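Participant: Sharing a structure below in structure tokens format, with a few things to ask.
There are 2 protein chains.
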Amino acid sequence: MTAPTPISELASRTGSPVVVKGWVRRIRSSGRIAFLVVRDGTGEVQCVFSRADLDDATWQTLTAAEHESTVAVTGEVCADKRSPIGVEVSANSLRVLSGSPEFPIQPKEHGIDFLLEHRHLWLRSPRQVALMRIRDETMRAIRDFLHEDGFTCVDTPILTGAIGESAGTLFETEYFDLGTAYLAQTGQLYVETAAAALGKVYCFGPTFRAEKSKTRRHLTEFWMVEPEVAWMDSDGNMDLQERMVCYVAARVLDRCQADLGTMGRDLDRLAAIVPPFNRMSYTDAVARLQEAGHEIEWGSDLGAGHEAALTEGRSKPLFVHDYPKRAKAFYMKENPDNPATVKCNDLLAPEGYGEIIGGSQREDDYDRLLARIREEGLPEESYGWYLDLRKYGTFPHSGFGLGLERTVAWLSGAQHLRETIAYPRMMTRITP
Amino acid sequence: MTAPTPISELASRTGSPVVVKGWVRRIRSSGRIAFLVVRDGTGEVQCVFSRADLDDATWQTLTAAEHESTVAVTGEVCADKRSPIGVEVSANSLRVLSGSPEFPIQPKEHGIDFLLEHRHLWLRSPRQVALMRIRDETMRAIRDFLHEDGFTCVDTPILTGAIGESAGTLFETEYFDLGTAYLAQTGQLYVETAAAALGKVYCFGPTFRAEKSKTRRHLTEFWMVEPEVAWMDSDGNMDLQERMVCYVAARVLDRCQADLGTMGRDLDRLAAIVPPFNRMSYTDAVARLQEAGHEIEWGSDLGAGHEAALTEGRSKPLFVHDYPKRAKAFYMKENPDNPATVKCNDLLAPEGYGEIIGGSQREDDYDRLLARIREEGLPEESYGWYLDLRKYGTFPHSGFGLGLERTVAWLSGAQHLRETIAYPRMMTRITP
Numbered sequence: 000m001t002a003p004t005p006i007s008e009l010a011s012r013t014g015s016p017v018v019v020k021g022w023v024r025r026i027r028s029s030g031r032i033a034f035l036v037v038r039d040g041t042g043e044v045q046c047v048f049s050r051a052d053l054d055d056a057t058w059q060t061l062t063a064a065e066h067e068s069t070v071a072v073t074g075e076v077c078a079d080k081r082s083p084i085g086v087e088v089s090a091n092s093l094r095v096l097s098g099s100p101e102f103p104i105q106p107k108e109h110g111i112d113f114l115l116e117h118r119h120l121w122l123r124s125p126r127q128v129a130l131m132r133i134r135d136e137t138m139r140a141i142r143d144f145l146h147e148d149g150f151t152c153v154d155t156p157i158l159t160g161a162i163g164e165s166a167g168t169l170f171e172t173e174y175f176d177l178g179t180a181y182l183a184q185t186g187q188l189y190v191e192t193a194a195a196a197l198g199k200v201y202c203f204g205p206t207f208r209a210e211k212s213k214t215r216r217h218l219t220e221f222w223m224v225e226p227e228v229a230w231m232d233s234d235g236n237m238d239l240q241e242r243m244v245c246y247v248a249a250r251v252l253d254r255c256q257a258d259l260g261t262m263g264r265d266l267d268r269l270a271a272i273v274p275p276f277n278r279m280s281y282t283d284a285v286a287r288l289q290e291a292g293h294e295i296e297w298g299s300d301l302g303a304g305h306e307a308a309l310t311e312g313r314s315k316p317l318f319v320h321d322y323p324k325r326a327k328a329f330y331m332k333e334n335p336d337n338p339a340t341v342k343c344n345d346l347l348a349p350e351g352y353g354e355i356i357g358g359s360q361r362e363d364d365y366d367r368l369l370a371r372i373r374e375e376g377l378p379e380e381s382y383g384w385y386l387d388l389r390k391y392g393t394f395p396h397s398g399f400g401l402g403l404e405r406t407v408a409w410l411s412g413a414q415h416l417r418e419t420i421a422y423p424r425m426m427t428r429i430t431p
Numbered sequence: 000m001t002a003p004t005p006i007s008e009l010a011s012r013t014g015s016p017v018v019v020k021g022w023v024r025r026i027r028s029s030g031r032i033a034f035l036v037v038r039d040g041t042g043e044v045q046c047v048f049s050r051a052d053l054d055d056a057t058w059q060t061l062t063a064a065e066h067e068s069t070v071a072v073t074g075e076v077c078a079d080k081r082s083p084i085g086v087e088v089s090a091n092s093l094r095v096l097s098g099s100p101e102f103p104i105q106p107k108e109h110g111i112d113f114l115l116e117h118r119h120l121w122l123r124s125p126r127q128v129a130l131m132r133i134r135d136e137t138m139r140a141i142r143d144f145l146h147e148d149g150f151t152c153v154d155t156p157i158l159t160g161a162i163g164e165s166a167g168t169l170f171e172t173e174y175f176d177l178g179t180a181y182l183a184q185t186g187q188l189y190v191e192t193a194a195a196a197l198g199k200v201y202c203f204g205p206t207f208r209a210e211k212s213k214t215r216r217h218l219t220e221f222w223m224v225e226p227e228v229a230w231m232d233s234d235g236n237m238d239l240q241e242r243m244v245c246y247v248a249a250r251v252l253d254r255c256q257a258d259l260g261t262m263g264r265d266l267d268r269l270a271a272i273v274p275p276f277n278r279m280s281y282t283d284a285v286a287r288l289q290e291a292g293h294e295i296e297w298g299s300d301l302g303a304g305h306e307a308a309l310t311e312g313r314s315k316p317l318f319v320h321d322y323p324k325r326a327k328a329f330y331m332k333e334n335p336d337n338p339a340t341v342k343c344n345d346l347l348a349p350e351g352y353g354e355i356i357g358g359s360q361r362e363d364d365y366d367r368l369l370a371r372i373r374e375e376g377l378p379e380e381s382y383g384w385y386l387d388l389r390k391y392g393t394f395p396h397s398g399f400g401l402g403l404e405r406t407v408a409w410l411s412g413a414q415h416l417r418e419t420i421a422y423p424r425m426m427t428r429i430t431p
């Protein structure tokens with residue numbers, strides 16, 4: 000099979016004959032000239048046909064070309080200043096490769112259920128393509144930042160006997176003769192063990208929460224990157240998060256201009272994401288919220304409404320640190336200055352996007368960690384290996400988890416996480 | 000907390016005072032001088048102490064330092080030609096941060112069950128660290144190759160209503176009120192839909208097979224990269240695989256010399272992995288095997304023994320293409336030249352490593368695909384969305400899946416997949 004010329008390469012082929020293969024975006028005809036816009040995944044191009052050059056049958060085929068049918072266009076690449084890619088194709092022949100009768104997604108408003116039911120076709124829409132490209136660049140930027148900073152990727156298991164943050168929101172599966180396995184909610188506990196081997200490590204993969212939550216900020220399956228660093232404390236952890244988030248925002252701004260344009264994103268919003276980010280203690284945050292009339296008592300976790308209030312009017316993300324111990328996970332290190340709190344932080348994105356990162360210094364004292372496991376009523380026998388890390392050469396270490404889809408939604412300006420992943424999984428959706 | 004100097008940075012600090020924090024690899028003392036080898040994940044360094052510089056208590060602490068206990072060493076960086084990193088630390092003080100009483104993994108032979116049970120500690124061994132680094136570089140090389148070639152990463156769901164290659168080897172989980180969900184065996188069917196949106200795409204994540212197989216070449220949870228390309232046929236698919244495998248092998252050879260050394264890998268083996276790879280039809284392969292006395296009939300799939308025989312004496316991977324339709328998956332394109340076969344290939348690694356890639360051109364004809372789904376007795380209603388891809392602008396496309404752990408095992412020379420992933424999952428192991 001002769002490979003067609005990718006549309007992204009046409010600009011460098013001015014004056015050359017080419018064959019373009021792709022899907023019909025739209026067709027417009029004046030009766031003497033027809034404009035066929037074709038997309039192939041690398042871009043889209045306008046192909047111009049003259050009635051005089053074509054026989055009757057081909058002209059009819061052309062003007063009746065169906066939305067999303069596949070075609071092969073032969074022609075010559077011509078410079079064109081009005082084209083977003085600088086060229087168009089002066090076409091001399093057309094072959095329809097496959098029809099697309101009544102393509103379900105039309106250039107009109109569709110309900111979200113209809114779109115999700117047709118996610119396999121909805122993915123072809125310009126906005127969805129832009130989001131997939133922004134997601135890809137976000138992932139690459141995260142990996143490049145971590146690699147340049149000396150991290151090694153150590154992927155952690157999905158199928159696990161130990162449970163992570165909270166039972167009751169776990170997906171379960173039968174595992175041969177070994178009983179029940181759970182789908183990991185986090186790779187953190189495992190990646191901590193790798194930090195003792197490799198110093199700076201991260202995992203980056205899908206995680207699972209069987210939460211009965213229907214908000215626009217929840218998916219049951221989502222991707223999370225979890226860096227973990229030996230000999231780093233909670234302050235260093237926030238420094239690392241700040242550097243990473245700024246690097247990623249700058250990369251997306253730099254490399255995804257066209258896609259951000261498709262999203263209608265205000266680029267100034269991304270340009271504002273530079274160090275330093277403000278750091279506010281949980282205790283101060285609660286005081287501010289109380290002053291502003293919010294009903295919140297010291298000790299309870301912040302809700303989405305509280306997060307939105309704290310970031311209102313800010314152009315950068317905000318760190319909130321040192322939350323109450325009773326509101327947070329068992330593995331967080333007790334704050335020596337105030338044992339009712341732990342050395343942790345959330346990072347709240349502005350514009351109402353809320354928490355995109357949760358991080359903490361980990362409890363590195365064997366006895367304290369064991370006491371916390373018992374306090375929480377967790378199955379002690381499942382955590383023997385995790386406790387071992389505090390038994391054999393324990394070390395201060397910290398890390399965090401950044402939710403990929405929440406970050407992509409924020410950077411791209413998407414309102415709902417369901418558009419930031421190819422096949423979103425929610426409480427009410429497992430197909431297609 | 001003052002961050003210690005990473006050991007990897009010591010070579011650039013000759014003559015400077017430093018604090019190194021890490022784990023004790025070993026201690027050796029002559030009575031007047033003591034050599035303490037410390038590792039911190041970025042490398043290891045020898046710290047030299049003189050008896051004359053230390054008080055009695057510190058000397059005792061030093062010479063009794065436990066394997067894998069954590070220490071802070073203060074001293075000055077000195078050039079040293081015998082050191083693999085070019086420097087050692089002339090130490091003047093030592094602080095033991097944490098003991099490590101009777102670290103379970105000693106420098107002696109342990110049984111594999113013992114090691115796997117202590118995988119969280121075994122990871123700290125030099126060979127395991129080397130393997131994790133080679134794995135990381137392999138993943139990075141794959142992603143860089145694909146990105147430079149114009150691919151977009153589109154991750155596919157793990158939780159799915161549709162099944163992939165074969166029922167009966169699926170992990171299942173209850174999904175809210177929506178019935179049973181399955182853990183994906185492949186992202187291919189989904190990534191095909193993304194190829195219609197973005198042209199060249201791939202997914203790269205964990206996949207799951209509940210196979211009751213105990214060989215050294217099987218894991219129940221393993222990572223797979225699955226590129227998929229619009230307008231590419233089976234020959235182009237093999238070209239792409241060849242380019243990618245050669246790129247990855249060259250990168251690992253270039254960037255992981257020390258780690259390959261730790262593995263005892265013969266570097267000439269990797270240097271030999273250059274284009275072109277031989278391409279042999281399944282029909283020719285069976286003829287050769289029959290000539291060599293193997294019991295195999297045309298129509299059955301190749302076993303591990305057949306693969307080993309076909310690659311014996313070869314220094315490069317071998318493509319075997321155009322397998323019988325009845326031995327392969329329903330979605331592979333019928334070969335127009337011989338409808339009893341399909342346009343597919345496996346890529347067999349030399350040295351007995353066997354299949355590392357399976358790929359094919361996909362059936363792009365609606366009626367033929369539907370017939371194959373019916374022939375295989377698959378639940379037609381689950382594949383409506385997949386069939387839609389052949390209904391709305393169908394297009395020739397091909398792709399493949401490369402098993403990460405098999406590739407890492409081959410490149411590194413590891414004999415068993417269980418060492419090539421941080422927490423291997425097998426039929427008999429789900430912990431730690």
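So the protein sequences, as listed, match chains A and B.
Under numbering that gives the first Met the number 0, the residue at position 40 of the first sequence is numbered 39, and the numbers go up by one with no gaps.
Under numbering that gives the first Met the number 0, the residue at position 360 of the second sequence is numbered 359, and the numbers go up by one with no gaps.
No residue lacks a Cβ here, since even glycine has one placed at the ideal position from N, Cα and C.
Keep in mind it's a predicted model, so treat the numbers as computed, not measured.
1) Closest Cβ-Cβ distance between Pro106/B and chain A: below 8 Å?
2) Could you give the distance in angstroms between the alpha-carbon of Gly21/A and the alpha-carbon of Ile355/A?
3) Determine the extent of the beta strand (DSSP E) in which Gly304/A is found, giving its start and end residues.
4) My output table needs one value for Glu108/A: the three-state DSSP class, helix, strand or coil.
5) Among all the DSSP beta bridges, which residues are the ones paired with Ala229/B?
6) Which of the three DSSP states is assigned to Lys199/A in this structure?
7) Considering only the beta carbon of each residue, do Val17/A and Gly85/A sit closer than 8 Å?
8) Once the 5 residues before and after Glu220/A are set aside, which same chain residues still bring their CB inside 6 Å of it?
9) Which chain B residues are close to Lys342/A, counting only those with a beta carbon under 9 Å from its beta carbon?
10) Go through its chain and collect everything with a Cβ distance to Asn334/B's Cβ below 7 Å, but skip five positions before and after it.
11) By Cβ distance, which residues of its chain are closer than 7 Å to Arg254/A, with the 5 residues on each side in sequence left out?
12) Taking all protein chains shown into account, decide if Arg373/B is buried (16 or more other Cβ within 10 angstroms of its Cβ) or exposed.
13) Might you give, ordered along the chain, the residues of its own chain that have their beta carbon closer than 6 Å to the beta carbon of Tyr189/B, omitting 5 neighbours on each side?
14) Going by Cα to Cα distance, which pick from Gln105/A, Gly198/A, Ser11/A is closest to Ser7/B?
15) With 8 Å as the threshold, decide whether the Cβ of Gly167/B is near any Cβ in chain A.
16) Note the first and the last residue of the continuous alpha helix (DSSP H) segment covering Ser411/B.
17) Taking 8 Å as the CB-CB cut-off, is Ile157/B touching chain A?
18) Can you name, in chain order, every residue of its own chain whose Cβ lies under 8 Å from the Cβ of Gly30/A, other than the five neighbours on each side?
19) For Gly263/B, which residues from the same chain have a beta carbon less than 8 Å from its beta carbon, with the 5 sequence-adjacent residues on both sides left out?
20) Mind listing the chain A neighbours of Trp58/B? Cutoff is C-beta to C-beta under 7 Å, in chain order.
21) How is Arg361/A classed by DSSP in three states: helix, strand or coil?
22) Write down every uninterrupted run of the beta strand (DSSP E) in the region 149-185 of chain B whose length is 3 residues or greater and which is fully enclosed by it, in chain order.
23) Would you mind sorting Val273/A into buried or exposed? The rule is 16 or more other CB atoms within 10 Å of its CB.
24) In chain A, which residues lie less than 8 Å from His146/B when you measure between Cβ atoms?
25) Counting only Cβ pairs nearer than 8 Å, list the residues of chain A close to Ala193/B.
26) Out of Gly235/B, Ala348/B, Leu120/B, point me to the one whose CA is closest to Pro103/B's CA.
27) Just curious, the beta strand (DSSP E) that Glu383/B is in, first and last residue?
28) List the residues of chain A whose Cβ lies closer than 9 Å to the Cβ of Tyr189/B, in chain order.
29) Once the 5 residues before and after Ser15/B are set aside, which same chain residues still bring their CB inside 6 Å of it?
30) If I'm right that Phe318/A touches Leu346/A with Cβ under 8 Å, what's the distance once you round it to whole angstroms?
31) Give the interface partners of Thr172/A over in chain B, defined as CB-CB distance under 8 Å, in chain order.
32) CB-CB under 6 Å to Leu403/B, same chain, minus the five flanking residues each way: which ones, in chain order?
33) Can you tell which of Asn337/B, Asn277/B, Ile141/B has the C-alpha that lies nearest to the C-alpha of Arg313/B?
34) Can you confirm whether Gln240/A, when its beta carbon is compared against all beta carbons of chain B, has any partner nearer than 8 Å?
35) Please classify Lys327/B as buried or exposed, where buried requires at least 16 neighbouring CB atoms within 10 angstroms.
36) Using the C-alpha atoms, what's the distance from Val36/A back to Arg25/A?
Facilitator: Straight from the coordinates:
1) no
2) 38 Å
3) Gly304/A -> not in any beta strand (DSSP E); alpha helix (DSSP H) instead, spanning 303-310.
4) coil
5) His396/B
6) strand
7) no
8) Pro205, Phe207, Arg424
9) Residues of chain B passing the Cβ test: none, with the nearest at roughly 11 Å.
10) Asp321, Thr340, Val341, Lys342
11) Glu136
12) exposed
13) Thr155
14) Gly198/A
15) no
16) 403-411
17) yes
18) Arg50
19) Gly412
20) Within chain A, no residue comes near Trp58/B; the closest Cβ sits about 21 Å away, beyond 7 Å.
21) strand
22) 171-173, 179-182
23) exposed
24) Arg139
25) Leu122, Met131, Ala421
26) Leu120/B
27) The sequence shown places Gly at residue 383/B, rather than the Glu named in the question. Unbroken run through Gly383/B is the alpha helix (DSSP H), 383-387; no beta strand (DSSP E).
28) His119, Ala421, Tyr422, Pro431
29) Val76
30) 6 Å
31) Phe170, Glu171, Thr172, Leu182
32) Trp222
33) Asn277/B
34) no
35) buried
36) 5 Å
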